[in-house]
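Data first, discussion second: the structure below is written as structure tokens.
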Amino acid sequence: MTKSISRPRWTGYRIKIEPRLDQPPGWYPAAVSVGAIAFALILGGILIAIAGGDPFLSYAHIARASFGEIGVFSDTIVKATPIILAALACSVAFRMKLWNIGAEGQFIMGAFGASAIVLTPILPPETTPWLFIPVMAMAGMAAGAVWGFIPGYLKAKYNVNEIISTLMLNYIAIAWVNYWIFGVWTEGGFQMSAKFPETTWLPRLSDYASTIPILRGLTTHLGLLLGIVAAIALWFVVFRSRWGYEIRLIGDNPRAAQYAGINIARNTVLVMALSGALAGLGGMSEVTGVIHRLQTAPLAAGYGFTGIIVAWLAKLNPLVIILVSILFGALILAGREIQPSGVPKMIQGIILVSLIASDFLLRYQVRFARDSADTDAEE
Amino acid sequence: MTATLNTTSETMPPMVEMRGIVKRFPGVLANDHVDFELRAGEIHGLLGENGAGKSTLMNVLAGLYKQDAGTIKVNGNPVIFSSPRDAIKAGIGMVHQHFMLVPSQTVTENVLLGLDEPRFFMRLSEYDSRIAELGRKFGLSVDPRAKIWQLSVGEQQRVELLKMLYRGANVLIMDEPTAVLAPQEIEGLFNTLRSMVAQGKSVIFISHKLNEVAAIADRVTVLRRGKGTASGVPSRGVTRQELAQLMVGREVVFFVAKKPCKPGDVVLDVKAIHAENDKGLPALRGLSLNVRAGEIVGVAGVAGNGQNELSQVITGLRKCRQGEVMLNGDKVSNRDTLFGIQHGMAYIPEDRTHVGSAPNLSVTDNVIMKNYRKSPISKGGMLDMPAATKFANELKQAYDIIVPTVNTPVRLLSGGNLQRVILAREISGQPNFMVAVQPTRGLDVGAIEGVHRLLLAQREAGAAVLLISEELEELLSLSDRVYVIYEGKIMGEIQVGGAEPNEGLVEVVGLMMTGTPLEQIRKEGVAA
Amino acid sequence: MDFIIILQAGVASGTVLLFATLGEIFSERSGVLNLGVEGMMLIGAMTGFSVTIATGNPWSGVLAAMLFAGLISQIHAFIVITLQADQVVSGLALTFLGAGISVVLGEGLSKAGTVSLMPNFSIPLLSQIPALGPIFFKDQSVLVYVGYLMIPLAWYYINRTRGGLHLRAVGEYPAAADALGINVFRMRYLYVFVGGMLAGLGGAAISLAVSPGWFSELTTGGQGWIAVGLVIFAQWDPVRAAVGSYAFGALRRLILDIQGPTILFGLANPFYYNPYWGFFLQMIPYAFTIIVLVVGSREAMRKRLGAPAALGTPYIRGERGL
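Residue numbers (my numbering), protein chains in the order written: chain X, 1 to 379; chain V, 1 to 528; chain L, 1 to 322.
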């Protein structure tokens, strides 16, 4: 039995906060999440105002700059694509209560892996895209998987806290890629590699503009398809496969899972590798679909951290992640031009805090009870 | 008839007076206008089955909970306790069923916890001697410098008492104090309580064990489902049957009828296993036992003598350093739990929520925990959800699990229902061997009877059942044979016939539970 | 390469880690995991810098930094103690929040003019001790000396005072403390505040003493996370925390300085001639943290010691496992 928290009187009534005994109606969690976001936006607006900006202008700008017309909507999708994959990566790890904060580093390593195919070069520039792109995708996933494997193994074998190990690996990944950019693959001494040949670029909608004129200028690329396919596949794995059942069981109660004969250590390593692979795919998609060269700044743009928030907001559901990623893509796209410049990150932080706090409403209910005259026996 | 009570005066105001106490928790009315009265210098028994509201009532008195309605008076003065500190200041101290001791700290540190002195710096050695002195005065000797995790359970209980006495408590509330003691230690506790009363203290003794309350208490108050059914009745004035009726409200059968035992081959063979506990200390030292098909074998013992480790080694959750466990001739020790599951082993763990189930997953997810790898629940790596749901619904029917739908997360289920889910899962696999650890802990009488029926049904179906329990009465009435475990070894094995448990049997078992091997008992001539 | 100079700077750099680590030790000892240290440090750095610009007095900057960081940490405290939410996610959210707020409110700060810093001084007799003197007692910021004092004070408080006894009980077995009238919730709120304050102090130490200036998110460079790792290495003990912090500080300094000279230990300095190898040097502190974690975790597993038993779980009165 858990304690109910009573608050002091208000004209003979008492506010009681007590644990819920049954599940809230289906729409309730979504409503609470929406409410949390609304609250966060209001709070964010206040902070913008304190820092000297104009909140209404800022938000209106965000809305217009991301959904105003098809061109910017396409840009929003482009921004959302890496977020989708990063969030999927986080979601599968979080299901097992593995706090993968290293999606950022795994993303970057994925970009590195894909770039290595082009820049070493492992495949010559004339290679057909039909070969190039799958090979780069696999290289990206492999590199990301390795980067996820390391903390997974450390956790399984030595019980090393994965939050810190994955985080440290983020910094190491950035340094690693920087070395290759500055020291090996630099183009004319600039902070970036040579531009990738067009055979490595992910096809875009605008590539078909000659046959379908509407598509002119739309930069949405194949990465979106990769993200959607990955989301659907992940949904099936988590909710309909044996492995997914085991992951969910471990995440909810590792001791029960152990009793059921599930190998926790092995799953720790596998899930972290899978998580890394998904993030790595995101890195590959970004570097071959948008940036077209290996360059640190646009890769280390915080997709890994945004992925964490998106995964949490979507309650780890792969299909919802697609929608939420688009929302956040908008935020990032339009937020770039907002003054002060830290606004998108701050709003992300406030959203996450509101969401976590709002979870409380799902587990507890607020009741008004008439003070002390309650004689009806409850059952 | 009036019972004569030697030390109390009936003209003084009662030491503690609780009137009309109401305490609600979400979904449950734990105390429904309960009255309770404690006279100075008496031992007052508070009797009731699990969930009747006894602990709740005393938690209110001890300041841990605030009542929703009702008044409390101490020595005639009305009091309002907003925290345990207030209660302690008023001289009321509680020794909880689950000890509130910090394992990694010493006795002295635990006793001093929460006090206003020492002001800032601590010179512990002064306090060590003061506490040792207090222990001597009340016959509760214990080494003040020992760390709690190093002490035996009985010694830890003494520390709890010392904590309260040090704070000048005059009223001592003991919540199920005998749950962790062997029969001989219980007598020791009773003597301690009597001597404390002789030195001017008053004791409230909470228990669900009729016999003990009848033996120790001067007066008895009985609670049933949150209501008081008898208040302050002199214990010499009622019979056991009457008390039982007041507790449960209907004819209580103290004894379970079962068909005679026709045991088959040995199913489980535990051969001289040695294993360590989580701290690395030896927990099982060369323990051997066996269970045959069609019988229930009980393992009796005071908590903490290796029972947990034994069940864990058998189910594969813990490694054993020496020896082996054979299940139907296959070695099952030091292999992963999957092997045991695939060879027909079922496990009802002691901890329903933290080991036996996944709280946030649905009933369906929980019941397929053992068979999800096989068809029809899964085909080729993918789960067949409609099949799983159908299976869950079948179990819901068959085992009377009360739940809105099988998609409900199991954390919302009551203890009894949760145990039914676990039993349904384990039994539906038609195991040939089952380990059940404390299967009826915390359940009300109806649920307990249900569990007993299921265990007996398994026995009838030819399964081998190993029942590890701290409830001696349950063990003696259900088992065909009983082993007694003490400090990781078997002290002896007793045939328990179809007869009602008699005093002699209990005494022998009690002696074994406190460390006397069976041969020694027989040599010394105590008849079994 | 003058090792004395490097170690001297290392002590200063290590002081930053020391404050953050000690703060987190207090928080975790009371049972609350606060992963928002990085965010609190950023807030401390930004607040310290901006208040000092506004008032011209670095002491007021440090004070404001401590208070503001402590205040923001109460958000985390409310969410995990009263609302009983998951401590890991809340801590992460706090990091984002702290980083975001500090960047937004600190907009335009780095363009501000020169700022008066915390004073440096030497301690007369002590700074003349051969070898050790110049490292620890010569021309160090006043905050470094504060750090020295904090180590024994923290140790003594935790292990030898009544307050420390209550702190440890609340983190190991809150039910016991609760039953004896100690307000578990209030203590946890308090120690989270202490943790936030000390993290803020660490941040202010960066911007007002060790690496003066405000460089937006880059100011802390992940030191908050290294501090969280150091807590595990320190096995929640202030003295071990000090050892780890100063060692790390020295390491970071060494990495910076090793690239400078053309000759290193009598041989041609590879880091001078291959400047890109500097990126590998950058990896070292982070890789080292991982190693430190492996060592710390294995030790904990071996000695069966480790975290305060109640770390990470919210305290709910009345839950007794049935």
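Quick reminder that beta carbons are idealized off the backbone N, C-alpha and C, glycines included.
Could you please give me the residues that DSSP links to residue i through a beta bridge?
i        : result
V/PHE36  : V/MET18
L/SER141 : L/ASN120
L/THR55  : DSSP, once it has assigned bridges, lists no residue as partnering L/THR55.
V/PRO282 : V/GLU276
V/GLY492 : V/VAL484
V/PRO409 : V/SER362
V/PRO349 : Partner(s): none; V/PRO349 has no beta bridge.
X/SER66  : Answer is none; X/SER66 lacks a bridge partner.
V/ASN31  : V/LYS23
V/MET540 : The first residue shown for chain V is 1 and the last is 528, placing residue 540 of chain V beyond what the model contains.
V/GLU473 : The partner list for V/GLU473 (beta bridge, DSSP) is empty, contrary to what the question assumes.
Check this for me: beta carbons of residue i and residue j, under 8 Å apart or not?
i        : j        : result
L/TRP214 : L/MET66  : no
V/ASN407 : V/SER357 : no
V/VAL355 : X/ARG248 : no
V/ALA272 : V/GLN307 : no
L/GLU217 : L/ALA93  : no
V/LEU46  : V/THR178 : no
L/ALA64  : L/PRO174 : no
V/ARG224 : V/ALA52  : yes
V/ILE494 : V/VAL508 : yes
V/PHE205 : V/GLN156 : no
X/ILE174 : X/ILE108 : yes
X/THR76  : X/GLY251 : no
L/GLY44  : L/ALA204 : yes
X/ILE48  : X/SER33  : no
V/LEU84  : V/ILE148 : Note that residue 84 of chain V corresponds to Pro in the displayed sequence, not to Leu. Against a cut-off of 8 Å, the Cβ pair of V/ILE148 and V/PRO84 comes out as no contact.
L/VAL194 : L/GLY23  : yes
L/SER50  : L/GLY106 : yes
X/ALA230 : X/LEU88  : yes
How many whole angstroms separate the CB atoms of residue i and residue j, which I take to be in contact at a CB cut-off of 8 Å?
i        : j        : result
V/LEU246 : V/THR229 : 5 Å
V/VAL299 : V/GLU49  : Their Cβ separation, rounded to whole angstroms, is 24 Å, which puts V/VAL299 and V/GLU49 out of contact at 8 Å.
L/THR387 : L/ALA241 : Summary: the structure shown does not reach residue 387 of chain L, with chain L confined to residues 1 through 322, and so no result is reported for it.
From this set, the options, which residue's C-alpha is nearest residue i's C-alpha?
i        : options                                : result
L/MET283 : X/TYR171, X/GLY227, X/GLN258, X/TYR303 : X/TYR171
L/GLU299 : L/ALA247, L/PRO119, L/PRO314, L/ALA234 : L/ALA234
L/TRP225 : X/ILE50, X/GLY289, X/VAL353, X/THR166  : X/THR166
L/ILE75  : X/ILE250, X/ILE48, X/ILE356            : X/ILE356
X/GLY280 : X/ILE77, X/LEU215, X/GLU104, X/GLY140  : X/GLY140
L/GLY363 : X/TYR28, X/ILE83, X/LEU169             : Chain L is shown from 1 up to 322; residue 363 of chain L falls before or after that span and cannot be answered.
X/GLY307 : X/GLY102, X/TRP147, X/PHE67            : X/GLY102
V/SER311 : V/GLU109, V/GLY380, V/SER469, V/LEU412 : V/SER469
X/GLN23  : V/LEU418, V/VAL403, V/ALA424, V/ILE448 : V/VAL403
X/ALA194 : X/SER115, X/GLY244, X/LYS79            : X/SER115
V/ILE173 : V/LEU57, V/LYS262, V/ASP116            : V/LEU57
V/ILE427 : V/LEU38, V/ASN417, V/LEU455            : V/LEU455
L/THR262 : L/ILE4, L/LEU256, L/PHE271, L/ARG168   : L/PHE271
L/ILE6   : L/LEU293, L/GLY249, L/VAL88            : L/GLY249
Under 7 Å from any heavy atom of the ligand ATP, does the C-beta of residue i make it?
i       : result
X/HIS61 : Among the components modelled here there is no ligand, and therefore nothing to report on the ligand ATP.
Say whether the stretch 147-155 of chain X touches the stretch 90-102 of chain X, bearing in mind that this needs 3 or more beta-carbon pairs closer than 8 Å, one atom from each stretch. yes
At least three beta-carbon pairs within less than 8 Å, the stretch 282-299 of chain X to the stretch 37-46 of chain X: no
Touch check for the stretch 227-238 of chain X and the stretch 310-324 of chain X: three-plus C-beta pairs under 8 Å? yes
Do the stretch 261-270 of chain V and the stretch 283-297 of chain V touch if we need at least three Cβ pairs shorter than 8 Å? yes
With a cut-off of 8 Å, do at least 3 Cβ pairs link the stretch 161-181 of chain L to the stretch 24-31 of chain L? Taking 8 Å as the limit for Cβ pairs, the verdict is that the stretch 24-31 of chain L does touch the stretch 161-181 of chain L.
With a cut-off of 8 Å, do at least 3 Cβ pairs link the stretch 114-128 of chain X to the stretch 342-356 of chain X? no
Three Cβ pairs or more, each shorter than 8 Å: is that satisfied between the stretch 44-63 of chain X and the stretch 258-274 of chain X? no
Evaluate contact between the stretch 330-338 of chain V and the stretch 410-422 of chain V, counting only Cβ atoms and requiring at least three cross-stretch pairs below 8 Å. no
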